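Take 1 as the starting number for the sequence shown in the UniProt record's numbering and just add one per residue. Data block below; observations after.
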Amino acid sequence: MLRCTDLSAAYGDIVALRGVDVSVQKGEAVALIGANGAGKTTLLRAISGLMPIRGGSIEFDGAPLDGLSPERRVRGGIAHVPEGRRIFPGLTVKENLLIGAAARRAGRHETEHDLAWVYDLFPRLAERERQLGWSLSGGEQQMLAIGRALMARPSLLLLDEPSLGLAPRLAEEVYARIATINRGGLAMILVEQNTVLALDVAARGYVLENGEVVLSGVASEMAGDPRIRDAYLGH
Ligand code: ATP
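Structure below.
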């Protein structure tokens, strides 16, 4: 459903992506791993239209994304959960979620249906729907950011470091929900420093280094690959 071919992108003279080929099949979870500065965030931003590309192409559902604004891409089915969550602190949990629905101009009936779905996935958000975003814990804010993206009813979810800053048990909890969402048929790209968690949920993975794909394969095999263990698993 997504095919990036020979993609390149740069910040001025700093080349962040070079000749990147990455694809995602319908319903598939794909992990994108690599050290700080490898280009993972830049790749997600290129897919969601926040970062212009210098070369190559991105096709989604068989059509090129060139020239489409980020808003059009959201309406087309691509939702991005940025690093750092970016929830709106002065809005309630429910208001944050409704902003996700507004992105695709959903009607009231659809919005209520989707809200019920998000609350079913994340019961803690239902309990706290009238609380302000800033009053949530880090793990709850991450769930809210994911829930807000789901309200746009995407077919591809881009998740940038969903475990960042979370205690191990909370990171596992967030990943358990991510696995449930994927089993429901939603395709996703998981950008992660926590390689173990990401490779556990993903079917396939890619390793980025200095803006290039240096390794790719089946996630379960990658988790056992000594090159990946040495470089990214910390043991
Ligand atoms: P991290 O895990 O730290 O977010 P990453 O793999 O997501 O790392 P990117 O954020 O995509 O990496 O960065 C890729 C390269 O682009 C790095 O060399 C980085 O310094 C550079 N870069 C990223 N954002 C900017 C920016 N706004 N201006 C200039 N250079 C940038």
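Glycine included, every Cβ here is placed at the ideal spot set by N, Cα and C. Computed from a predicted structure; not experimentally measured.
Would residue i and residue j be called neighbours here (beta carbons separated by less than 8 Å)?
i      : j      : result
ILE47  : ILE78  : yes
GLY62  : ALA187 : no
ILE189 : LEU121 : no
GLY55  : LEU68  : no
PRO52  : ASP160 : no
GLY165 : GLY138 : yes
CYS4   : ILE58  : yes
LEU199 : ALA31  : yes
GLY34  : LEU144 : no
GLY37  : LEU91  : no
ALA16  : GLY211 : yes
ARG104 : ARG72  : no
Have a look at the DSSP bridge pairing and note the partners of residue i.
i      : result
ILE33  : GLU192 and VAL207
PHE60  : LEU2 and ALA63
LEU158 : HIS80 and ILE189
SER216 : TYR206
THR92  : LEU132
TYR11  : ILE14
When we look at the beta-carbon of residue i and count the other beta-carbons within 10 Å, is it buried (16 or more) or exposed?
i      : result
HIS235 : Only weak support is given to the placement of HIS235: the predicted model assigns it a pLDDT of 41, under 50, and the value that follows is read from those uncertain coordinates. Flag for HIS235 reads exposed.
PRO64  : exposed
ALA9   : buried
LYS40  : buried
ALA102 : exposed
HIS80  : buried
VAL191 : buried
SER163 : buried
GLN141 : buried
ALA176 : exposed
PRO89  : exposed
ASP66  : exposed
ASP230 : exposed
GLY217 : exposed
VAL214 : exposed
ARG227 : exposed
ALA152 : buried
TYR11  : exposed
ALA116 : exposed
ARG45  : buried
ARG108 : exposed
GLU29  : Correcting the residue type first, residue 29 is Ala in the shown sequence and not Glu. Buried: at least 16 other Cβ atoms inside 10 Å.
Between residue i and chain C, is the shortest Cβ-Cβ distance under 8 Å, so that the two count as touching?
i    : result
SER8 : Here chain C cannot be found, since the structure has a single protein chain.
Problem set entry | the stretch 115–133 in contact with the stretch 167–175 per 3-pair CB rule at 8 Å | By the criterion of at least three beta-carbon pairs nearer than 8 Å, the stretch 115–133 is not in contact with the stretch 167–175.
For this session: Specify whether the stretch 152–167 and the stretch 86–98 touch according to this definition: at least 3 beta carbon pairs, one from each stretch, less than 8 Å apart.
Result: Using a C-beta cut-off of 8 Å, the stretch 152–167 makes no contact with the stretch 86–98, since fewer than three inter-stretch Cβ pairs fall below that distance.
Problem set entry | Around the ligand ATP, Cβ to any heavy atom closer than 5 Å, ordered along the chain | Those residues are TYR11, ILE14, ALA16, ASN36, GLY37, ALA38, GLY39, LYS40, THR41 and THR42, given in chain order.
Exercise. Touching or not, the stretch 14–23 and the stretch 200–215, by the rule of three or more beta carbon pairs under 8 Å?
Worked result: Yes, since at least three Cβ pairs between the stretch 14–23 and the stretch 200–215 fall closer than 8 Å, the two stretches touch.
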